[in-house]
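Before any comments, here is the structure.
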Ligand code: XLS
Ligand code: NI
Ligand code: NI
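Structure, rendered in structure tokens:
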């Protein structure tokens, strides 16, 4: 009897330990633990056990882990929803975001993190990232070079680390049919970049940044990246008193031209994108907003080589709306990509929240639909969980919510398009130009004498209502 009991307990223990080895982590979820000495990433089984593939369940679903509005394969305005959006997960927020803020320590303790910045940890994180995208049903991702692999002691060692993680990412991309929307170089975190990268006052730093971008372009190309982003977080100034602004802008232009040349040299066909932002961390970033970036590209003969990556939170920081920035980019043929996020009207910095305002999402989608889509760009969730959101499932919920909000925006634009009255209101507003004299003006053939003659003939012009409230009413009725 006693023997039978012991045998039973032994068998039970065996079953439990096997299940554990197959389905759970094998490394402690903490601190200095390097359970396998760093040779492999030492994780077996799923990273997100208990979460299965997120499905479309429709607007009546109460399941937080389902799509209510985003139905990837559904056709809207002649394109599948997934092709309008080309959604992307930002590796830095989702897998490197710690919840720390200028006043407080990290709050996240994801089970797969061991507290180190080792190469083994980088690989484990990469595998968690691909399982996350697969379960979420998002087919694209974005990264900074230093998010995905740790710095080494020399540039050579750093590049070797990067190559090792990139090789794994390439394997995982192929296995999961996931693509790289864009890569970028982190030219703002390391102290060497404190005065800027391409606009640093130190020539050695300019050269270092060039070497870093060279490598980042190469790995982006190797991973089949569809775009490459330049966000000049430290390309700006804190004080004009110690800054030669003209020289710094000239250097920035030389740097971007060299990047465009190198892109061609290695046969990389992705679009180069500049991401405007007015400030933070600098007091004044040179690529302040879309119009400033456009003027810069024009001045330095770089139009045609670059497009823009518009981030909604950056738009509001610059005193514009996201819609304004998107329209400015669109009408100049520069709308390349969207960093889909939003800010907080009461907090003055780049809070990088997931977009949940349906009105804002509808305005964003108005521009995107007018542009005929944004491929080869996409919607990159440059957005992070709030510091207080600490469950693993929150990572899913946040992305689902952002995707559903934008999907509602697209559905609303389809309603507005079908209804047609908003477009008709705008058409009517300008119809006085659909005349002989209007056509002359638009063709640049109406001189001031001709126009003066017309005024003598017409007398005081009649000025009709702008119908703003009606436009707002039509817009609201689609939400
Ligand atoms: C920061 C930027 C950054 C870029 C990529 O404010 O949004 O995350 O998108 O370097
Ligand atoms: Ni961004
Ligand atoms: Ni940002």
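Residue numbers (mature numbering (1 follows the signal peptide of the UniProt record, and there is no 0)): -21 to -1, 1 to 458. By construction, the Cβ of each residue, glycine as well, lies at the ideal position given by its N, Cα and C atoms.
Proximity of residue i and residue j at Cβ, strictly below 9 Å
i           : j           : result
residue 253 : residue 272 : yes
residue 359 : residue 66  : yes
residue 387 : residue 48  : yes
residue 26  : residue 81  : no
residue 44  : residue 30  : yes
residue 395 : residue 345 : yes
residue 201 : residue 134 : no
residue 159 : residue 199 : yes
residue 236 : residue 197 : no
residue 255 : residue 205 : no
residue 207 : residue 261 : no
residue 332 : residue 323 : yes
residue 257 : residue 297 : yes
residue 232 : residue 191 : no
residue 341 : residue 321 : no
residue 102 : residue 144 : yes
residue 154 : residue 109 : yes
residue 172 : residue 213 : yes
Contact test: residue i Cβ vs ligand 3 heavy atom, cutoff 8 Å
i           : result
residue 230 : no
residue 359 : no
Three-state secondary structure (DSSP) of residue i
i           : result
residue 346 : helix
residue 42  : coil
residue 153 : helix
residue 67  : strand
residue 321 : strand
residue 420 : helix
residue 454 : helix
residue 208 : strand
residue 215 : strand
residue 162 : strand
residue 447 : helix
residue 279 : coil
residue 358 : strand
residue 316 : strand
residue 263 : strand
residue 59  : strand
residue 3   : Residue placement at residue 3 is flagged as unreliable, the pLDDT there being 42, under the threshold of 50; the coordinate-derived value follows with that caveat. Of the three classes helix, strand and coil, the one that applies to residue 3 here is coil, per DSSP.
residue 465 : Limits of the chain in this structure are -21 at one end and 458 at the other, which puts residue 465 out of reach.
residue 339 : helix
residue 403 : helix
residue 273 : helix
residue 143 : helix
residue 136 : helix
residue 12  : Only weak support is given to the placement of residue 12: the predicted model assigns it a pLDDT of 45, under 50, and the question is left unresolved by the model.
Start-to-end residues for the alpha helix (DSSP H) that takes in residue i
i           : result
residue 391 : 371 to 398
residue 307 : 301 to 310
residue 82  : Neither: residue 82 is in no alpha helix (DSSP H) and is coded neither H nor E.
residue 109 : 98 to 115
residue 427 : 427 to 437
residue 182 : 182 to 201
Beta strand (DSSP E) segment containing residue i, residue limits
i           : result
residue 251 : 250 to 253
residue 290 : 285 to 290
residue 412 : Note, residue 412: premise wrong, no beta strand (DSSP E); not H, not E.
residue 120 : 119 to 123
residue 234 : No beta strand (DSSP E) holds residue 234; the alpha helix (DSSP H) holding it covers 224 to 244.
Residue i: CB within 8 Å of a non-hydrogen atom of ligand 1
i           : result
residue 191 : no
residue 208 : yes
residue 69  : yes
residue 429 : no
residue 256 : yes
residue 322 : no
residue 165 : yes
residue 263 : no
residue 329 : yes
* Which residues have their C-beta within less than 5 Å of a heavy atom of ligand 2, listed in chain order? -> 290, 318 and 361
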